[in-house]
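Note that the numbering used here has the sequence shown beginning at 1101, numbered continuously upward. Glycine included, C-beta positions come from ideal geometry on N, C-alpha and C.
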Amino acid sequence: MLRRYIGPPSMCGSARSSIGHERRTNPRRAGSRRCECNRRLLRCTRANRGRAVADPTNLDLELERAADLLAGCTHNVVLTGAGISKESGIPTFRGPDGLWTKLGVPAMDGYQKFMENPRGWWEDRLAQDANPDPDMENFRVQLEAAEPNDGHRALAELERMGVVSHVITQNVDDLHRQGGTESLTEIHGNTSWMRCMACHARWPEAEIIVDPEDLPPRCSQCNGVVKSDGVMFGEPIPPYALQRSQLEALQCDLFMIIGTTAQVYPAAEFPQIAVRRGVPLIEIDPDPTALTAIAAVILRGPAGELLPRLVEAVRERQAV
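In structure tokens:
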């Protein structure tokens, strides 16, 4: 049975959306993308004119406003990032203690290498399993030991209460699913699963037996090449995940972002789609994000503390 290797190539979404990468390789294109992002934010800001101004310094007031919005919405969509899983012991990628800060940003050509030589990629992965890098092995242990925290469980409770319709997560750690969330799109995949590159069928990793003498593994349905479900740098977001996320952003009447810096596209575009439609945005994060300027409500603090308080506040309103 294949032992799970959590390596740098499958940590994040498409590098084609990374302005930082483009700044290094194509400065003109990076500048163009920055201008486009600024134009998007300007349109969102205009859509928010006339709304009450968020006051992140008054947490109690913002909690009341957030609870009012949640209790009154009919289709609330949530986007989560690494911040919500930090309280489960999984390090974020950026920041002082981030994985990339310590180890460096992974190579941007992981997907290209896989597509050019799937067998070679699998051989490298099995070799890394046999002789893991100590830092990556430590991260793997942290990931496998992690359990859903109060933030994950509170989101699942809000779903059961009927005030969260769908969760889009950038995380690959499976903690939302383990925490009880049912309506879920894992836009960057899931390191506990495998995926066929041809028909996009997905299976829990434990169901796939990898034979070192017969690489790469093949799909039982279409004989396509199988890889880890985690989206590699340079790999397009799977069409089903992208389309579902865009549809949710177009249907919602409330959008929440939790524990995400909102810097990685296309995920950062989904709340902006909603705000341009006039939908209020709730931001939950200890620190300002790229979308703070367009948030209608700002809750400064960890999700594991704030989301349970929101559950109770919404429950009080539903009981009236």
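In or out: residue i buried (at least 16 other Cβ within 10 Å) or exposed?
{"i": "Y1340", "result": "exposed"}
{"i": "R1165", "result": "buried"}
{"i": "S1345", "result": "buried"}
{"i": "G1150", "result": "With a pLDDT of 44 at G1150, under the threshold of 50, the modelled position of this residue cannot be trusted; read the value that follows with caution. The residue is exposed, with fewer than 16 neighbouring Cβ atoms inside 10 Å."}
{"i": "V1414", "result": "buried"}
{"i": "N1271", "result": "buried"}
{"i": "E1244", "result": "exposed"}
{"i": "A1306", "result": "exposed"}
{"i": "T1157", "result": "exposed"}
{"i": "I1394", "result": "buried"}
{"i": "Q1372", "result": "buried"}
{"i": "E1247", "result": "exposed"}
{"i": "R1253", "result": "buried"}
{"i": "D1081", "result": "What is shown of the chain runs 1101 to 1420, which leaves residue 1081 out entirely."}
{"i": "P1234", "result": "exposed"}
{"i": "E1216", "result": "exposed"}
{"i": "D1160", "result": "exposed"}
Grab the span of the alpha helix (DSSP H) containing residue i for me, first residue to last.
{"i": "R1400", "result": "Where R1400 is concerned, there is no enclosing alpha helix (DSSP H), given that its DSSP letter is neither H nor E."}
{"i": "S1185", "result": "G1183 to K1186"}
{"i": "V1241", "result": "P1234 to A1245"}
{"i": "E1335", "result": "It is not in any alpha helix (DSSP H) - E1335 carries neither H nor E in the DSSP assignment."}
{"i": "A1169", "result": "Here residue 1169 is Leu; the residue named in the question, Ala, does not match the sequence. Here the alpha helix (DSSP H) through L1169 covers L1159 to G1172."}
{"i": "G1210", "result": "G1210 to E1216"}
{"i": "Q1363", "result": "First-last for Q1363: undefined, no H or E at that position."}
{"i": "G1262", "result": "Note, G1262: premise wrong, no alpha helix (DSSP H); not H, not E."}
{"i": "L1275", "result": "L1275 to G1279"}
Might you give, ordered along the chain, the residues of its own chain that have their beta carbon closer than 7 Å to the beta carbon of residue i, omitting 5 neighbours on each side?
{"i": "S1283", "result": "E1259, S1265, H1266 and V1267"}
{"i": "W1221", "result": "K1213 and F1214"}
{"i": "Q1351", "result": "H1175"}
{"i": "L1226", "result": "P1312"}
{"i": "A1390", "result": "T1361, A1362, Q1363 and A1368"}
{"i": "W1293", "result": "R1302, W1303, P1304, E1305 and D1329"}
{"i": "Y1211", "result": "M1332, F1333, G1334 and E1335"}
So for residue i, helix, strand or coil by DSSP?
{"i": "L1284", "result": "strand"}
{"i": "E1383", "result": "strand"}
{"i": "V1375", "result": "helix"}
{"i": "I1309", "result": "coil"}
{"i": "P1304", "result": "strand"}
{"i": "I1394", "result": "helix"}
{"i": "S1328", "result": "strand"}
{"i": "V1411", "result": "helix"}
{"i": "R1129", "result": "Unreliable placement is indicated for R1129, whose pLDDT of 48 sits below 50; no coordinate value is reported for it."}
Which residues bound the beta strand (DSSP E) around residue i?
{"i": "N1176", "result": "N1176 to T1180"}
{"i": "L1354", "result": "L1354 to I1358"}
{"i": "R1295", "result": "W1293 to C1296"}
{"i": "I1268", "result": "H1266 to T1269"}
Return no unless some Cβ of chain B is closer than 8 Å to the Cβ of residue i.
{"i": "G1210", "result": "The structure shown has no chain B; it contains just one protein chain."}
For residue i, which residues in the same chain have their Cβ closer than 6 Å to its Cβ, ignoring the five residues on either side in sequence?
{"i": "G1404", "result": "E1187, N1249, D1250 and G1251"}
{"i": "C1296", "result": "C1319, G1324 and V1326"}
{"i": "I1184", "result": "G1251, I1358, G1359 and A1403"}
{"i": "G1280", "result": "A1256"}
{"i": "A1298", "result": "C1322 and G1324"}
{"i": "L1315", "result": "R1219 and W1222"}
Leaving out five residues on either side along the sequence, give the residues of the same chain with a beta carbon under 8 Å from the beta carbon of residue i.
{"i": "Q1242", "result": "G1189, I1190 and P1191"}
{"i": "A1419", "result": "none"}
{"i": "M1261", "result": "V1411, V1414, R1415 and Q1418"}
{"i": "D1168", "result": "R1417"}
Taking 7 Å as the cut-off, is the CB of residue i close to at least one heavy atom of the ligand HEM?
{"i": "D1235", "result": "Judged by which ligands are present, the structure shown has none, so any question about the ligand HEM falls away."}
Exercise. Is there contact between the segment 1279-1295 and the segment 1326-1342, where contact requires at least three CB pairs shorter than 8 Å?
Worked result: Under the three-pair Cβ rule at 8 Å, the segment 1279-1295 counts as touching the segment 1326-1342.
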